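S.K.:
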Amino acid sequence: MAFKTIPPDFWNLKLNQNFNPKPAQKAQQQPQQTKQQTNVDTGIQKKLINLLNGDKDICKRLIDAAKRKYPGQSEHWYWEKVTEDLLRDRA
Numbered sequence: 003m004a005f006k007t008i009p010p011d012f013w014n015l016k017l018n019q020n021f022n023p024k025p026a027q028k029a030q031q032q033p034q035q036t037k038q039q040t041n042v043d044t045g046i047q048k049k050l051i052n053l054l055n056g057d058k059d060i061c062k063r064l065i066d067a068a069k070r071k072y073p074g075q076s077e078h079w080y081w082e083k084v085t086e087d088l089l090r091d092r093a
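Here it is as structure tokens:
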């Protein structure tokens, strides 16, 4: 009578019920999501840069600051947020 060995994944499943047998597929999906987030309408980009008198360095700093303050939003959301904040503060 031969005993079969239990594969190590069995114990991981018992210890951690959130076991995902295909982690490679999940890693491949993430870059596709980031490509979708980087598509920002050029109109909103031009509007923000015009509000900043063409200073792209300030534009980048404001977008980065918004990303730190409000993490997890889409790239387009950050551009609109910074633009609307500038317009509101100038009024």
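Going by our numbering, the first residue of the sequence shown is number 3, and it counts up by one from there.
Note that the Cβ used here is the ideal one computed from N, Cα and C, for glycine as well.
From a predicted model like this one, the values you see are computed outputs, not experimental measurements.
1) Check whether chain B comes within 9 Å of K69, counting only Cβ atoms and requiring the distance to be less than that.
2) With burial defined as no fewer than 16 other Cβ atoms inside 10 Å of the residue's Cβ, what is the status of L89: buried or exposed?
3) Leaving out five residues before and five after C61 in sequence, what residues of the same chain have Cβ atoms less than 7 Å from its Cβ?
4) Start and end of the alpha helix (DSSP H) containing Q47?
M.R.: Put simply:
1) Among the chains of the structure shown, chain B does not appear; only one protein chain is present.
2) Numbered from its first residue, the sequence shown carries residue 89 at position 87. Exposed: under 16 other Cβ atoms inside 10 Å.
3) As a first step, residue 61 must be located in the sequence shown, where it is residue number 59. Same-chain partners within the cutoff: L50, I51 and L54.
4) Position 45 of the sequence shown, counted from the start, is the residue given in the question as residue 47. In the DSSP annotation of this structure, the continuous segment of the alpha helix (DSSP H) that includes Q47 starts and ends at T44 to L53.
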